[in-house]
Amino acid sequence: MPSARPPNASALSSTTSSVTVSAPSSLSTSSRFSASSASDYGSASPILACRNLSKSFREGKHTSTILADVNLDIAAGDFVTILGQSGGGKSTLLKLLGGFMPLSQGDVLFHGIALKGITPRIGMVFQENTLYPWLTVAQNIGFGFKIKGKKPAQYKAQVQEVLEKVGLAQAQKLFPYQLSGGMKQRVSIARSIAVKPDVLLLDEPFSALDVQLRRRLQLFLYAVWQETGTTMVLVTHNVEEAILLGQQLIVIGSKPGKIIERVDISKAHFRDRYDSQFLSLQRHLETVIEGDVNPL
């Protein structure tokens with residue numbers, strides 16, 4: 000299970016009282032962040048990986064290359080954040096990693112085996128609300144079990160466990176229209192982790208929320224990661240969010256999208272947005288992204 004410290008853990012009680020995490024001690028600022036070149040990759044036995052991945056789309060008589068020669072290893076239990084400009088191919092990469100669209104070239108490997116399509120062992124949380132409006136919170140969370148052919152009595156206890164874990168037990172009988180935007184996203188995340196996927200992919204799940212709610216849900220997601228040990232991959236265009244949540248940060252360059260930087264951000268000081276090392280890395284990444292923008 001992940002042991003990294005949570006970002007601003009003292010605020011967690013405002014989000015959920017069920018997931019417990021330890022508060023950070025005094026943080027050292029003596030070490031610099033560790034950046035590696037785009038050619039450096041590889042772990043002994045990644046749970047999810049891509050090799051020489053490329054994706055192109057036909058636009059009339061022309062072909063537009065969105066991603067080119069992407070190589071990435073994601074270790075079991077890791078939290079990877081993917082950062083880059085809007086339209087740079089981040090979401091496309093996430094969908095390819097989940098088997099949601101075909102590759103143009105290369106391979107996606109899941110537990111070392113080529114991924115040929117979607118699998119229930121890889122969950123996905125989208126930016127848009129994807130809850131079923133006619134189902135209650137508890138029924139939405141249990142939907143993954145239902146489509147597997149299980150009867151409610153067989154998964155009721157598991158749904159209740161997840162409800163307690165994410166602090167939604169008191170809302171379990173409510174319908175989506177009765178929920179705030181933040182609660183809807185918590186239900187979406189809860190629905191994905193209920194079936195215990197090996198990997199959870201998240202496509203900018205907090206981008207439509209206001210700053211304060213976004214920060215509370217960042218704490219919530221980080222606590223869920225610590226509690227469950229689920230491998231997570233989060234796409235975002237928010238530099239602060241990418242640093243706060245990730246243990247490994249990937250920067251995707253503009254079209255054709257390639258990995259232009261990788262950063263190890265597992266140190267405790269990257270969980271504090273006001274730490275000098277955090278701010279230094281934030282400025283560095285903003286410079287990298289701004290320098291990558293293609294001229295109009």
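Numbering that gives the first Met the number 0 numbers the first residue of the sequence shown as 0 and each following residue consecutively. The C-beta atom is built at its ideal place from N, Cα and C for all residues, glycine as well. Since we're looking at a predicted model, the values are computed, not measured.
Member of the options whose CA lies at the smallest distance from the CA of residue i
{"i": "residue 127", "options": "206, 236, 105 and 162", "result": "206"}
{"i": "residue 86", "options": "63, 68, 96 and 70", "result": "63"}
{"i": "residue 283", "options": "201, 157, 94 and 82", "result": "82"}
{"i": "residue 52", "options": "233, 262, 267 and 256", "result": "256"}
{"i": "residue 290", "options": "262, 267 and 251", "result": "251"}
{"i": "residue 95", "options": "139, 49, 281 and 158", "result": "49"}
{"i": "residue 265", "options": "258, 273 and 277", "result": "277"}
Boundaries (first-last residue) of the beta strand (DSSP E) holding residue i
{"i": "residue 207", "result": "Careful: residue 207 lies outside any beta strand (DSSP E) and carries neither H nor E."}
{"i": "residue 140", "result": "Careful: residue 140 lies outside any beta strand (DSSP E), inside the alpha helix (DSSP H) at 136 to 140."}
{"i": "residue 122", "result": "121 to 124"}
{"i": "residue 117", "result": "Here residue 117 belongs to no beta strand (DSSP E), and DSSP marks it neither H nor E."}
{"i": "residue 260", "result": "258 to 263"}
Neighbourhood of residue i by C-beta, 7 angstroms cutoff - its chain only, sequence neighbours within 5 removed
{"i": "residue 285", "result": "238"}
{"i": "residue 213", "result": "205"}
{"i": "residue 90", "result": "202 and 234"}
{"i": "residue 135", "result": "171, 172, 173 and 174"}
{"i": "residue 65", "result": "54, 55, 56, 88, 91, 254, 255 and 256"}
{"i": "residue 227", "result": "192"}
Residue burial classification, residue i (beta-carbon count within 10 angstroms, cutoff 16)
{"i": "residue 109", "result": "buried"}
{"i": "residue 192", "result": "buried"}
{"i": "residue 242", "result": "buried"}
{"i": "residue 260", "result": "buried"}
{"i": "residue 164", "result": "buried"}
{"i": "residue 275", "result": "exposed"}
{"i": "residue 166", "result": "buried"}
{"i": "residue 210", "result": "exposed"}
Limits of the alpha helix (DSSP H) - the one that residue i falls within
{"i": "residue 288", "result": "275 to 291"}
Nonlocal neighbours in the same chain, by C-beta distance under 6 angstroms from residue i, ignoring five residues either side
{"i": "residue 123", "result": "97 and 200"}
Min CB distance residue i to chain D below 7 angstroms
{"i": "residue 68", "result": "Of the protein chains in the structure, only one exists, and it is not chain D."}
Contact set for residue i: own chain, Cβ-Cβ below 8 angstroms, skip 5 residues either direction
{"i": "residue 117", "result": "97, 98 and 99"}
For a minimum of 4 consecutive residues, which ranges assigned as the alpha helix (DSSP H) are wholly contained in the stretch 55 to 108? 89 to 96
Which ranges would you report for the beta strand (DSSP E) in the stretch 210 to 248 if only whole runs of at least 3 residues count? 230 to 235
Return the chain-ordered ranges of every beta strand (DSSP E) run that is complete within the stretch 132 to 185 and spans a minimum of 3 residues. none
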